[in-house]
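Engineer: Residue numbering for the sequence shown follows this note's numbering, starting at 229 and increasing by one per position.
Don't be surprised by glycine CBs; every beta carbon is placed ideally from N, CA and C.
All of these numbers come straight from a predicted model, not from anything done at the bench.
Below are the structure tokens for one structure; questions will follow.
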Amino acid sequence: MRLPHHRSTLTRQRLARAATGALAGAAGTAAMDAVWYARYRRGGGTQGPLEWELGAAVDSWEDASSPGKVGQRLLRAIWRREPPEHWARTTQTVVHLATGMGWGMAYGVVAGSRERPPWAGGLALGPVAWLTSYATLPLLGVYKPIWEYDAKTLADDLSAHLVFGATTGAVDAVLARLA
229 MRLPHHRSTL TRQRLARAAT GALAGAAGTA AMDAVWYARY RRGGGTQGPL
279 EWELGAAVDS WEDASSPGKV GQRLLRAIWR REPPEHWART TQTVVHLATG
329 MGWGMAYGVV AGSRERPPWA GGLALGPVAW LTSYATLPLL GVYKPIWEYD
379 AKTLADDLSA HLVFGATTGA VDAVLARLA
């Protein structure tokens, strides 16, 4: 069955917006990670940026960050057994990037259907992603409930997510104009 021309055009436009959103989400994730890396270095960290980004210090699931632990649970649910420890580093990196790209895809589709400037929603994207993580990750046993974190931890995390949202929105606006 063929879609009417206007529906297939709309579908192609949404797919294109999802693709540009995914790229924008990857850029937003990189920008957020740059914030975290700068803080890591200011705190005395010595790893180079690529070494840090790819989780060189992650040798087990215990060492993995939240994205790695989510990936561990997903792999465990799929295979019904514990995934190998040496997968922790790669899983952490893949889930982290996939999460940012997923948020970017959703953002791209929504931003493409709105009348306001496409970058404007990026200002809301970061806080939405941040708050969603504090609502869902405790249910997975990855985070504590939000009220158990101190204000500095929450502010540091929120500010990094604000950079994610603003960058994702800005890059998406540029890519949407180019497309």
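Could you tell me the alpha carbon to alpha carbon distance between glycine 273 and arginine 317, rounded to whole angstroms?
Structural biologist: Here residue 273 corresponds to residue number 45 of the sequence shown, with the count starting at 1. Here residue 317 corresponds to residue number 89 of the sequence shown, with the count starting at 1. Computed Cα separation, rounded: 18 Å.
Engineer: In this structure, how does DSSP classify lysine 380 when only helix, strand and coil are distinguished?
Structural biologist: In the sequence shown, counting from the first residue as 1, residue 380 sits at position 152. Lysine 380: helix per DSSP, three-state reduction.
Engineer: Using 10 angstroms around the beta-carbon of tryptophan 375, count the other beta-carbons present and answer buried if the total reaches 16, otherwise exposed.
Structural biologist: For this step, residue 375 is matched to residue 147 along the sequence shown. Exposed: under 16 other Cβ atoms inside 10 Å.
Engineer: Can you give the Cα-Cα distance for glutamate 279 and arginine 240, rounded to whole angstroms?
Structural biologist: As a working note, residue 279 is residue 51 in the sequence shown. As a working note, residue 240 is residue 12 in the sequence shown. Rounded to whole angstroms, glutamate 279 to arginine 240 spans 38 Å at the Cα level.
Engineer: Pull up the distance between the alpha-carbon of alanine 379 and that of leucine 238, whole angstroms please.
Structural biologist: By 1-based counting over the sequence shown, the position of residue 379 is 151. By 1-based counting over the sequence shown, the position of residue 238 is 10. Cα to Cα, the separation comes out at about 44 Å.
Engineer: Assign serine 288 to one of two classes, buried (16 or more other C-beta atoms within 10 Å of its C-beta) or exposed (fewer than that).
Structural biologist: As a working note, residue 288 is residue 60 in the sequence shown. Exposed.
Engineer: Between alanine 388 and the rest of its own chain, which residues show a CB-CB distance below 7 Å, the 5 nearest in sequence each way excluded?
Structural biologist: Translated into positions along the sequence shown, residue 388 becomes position 160. Answer for alanine 388: Met260, Val263, Trp264, listed in chain order.
Engineer: Inspect the beta-carbon positions of tryptophan 333 and alanine 254 and report whether they are closer than 8 Å.
Structural biologist: The residue you call residue 333 lines up with position 105 of the sequence shown. The residue you call residue 254 lines up with position 26 of the sequence shown. Inspection of the sequence shows that residue 333 is occupied by methionine rather than by tryptophan. Result no, Cβ atoms of methionine 333 and alanine 254 do not sit closer than 8 Å.
Engineer: Using a Cβ-Cβ cutoff of less than 6 Å, which residues in the same chain neighbour glycine 354 once the five nearest sequence positions on both sides are dropped?
Structural biologist: Walking along the sequence shown from the start, residue 354 turns up at place 126. These residues qualify, in order along the chain: His389, Leu390, Phe392, Gly393.
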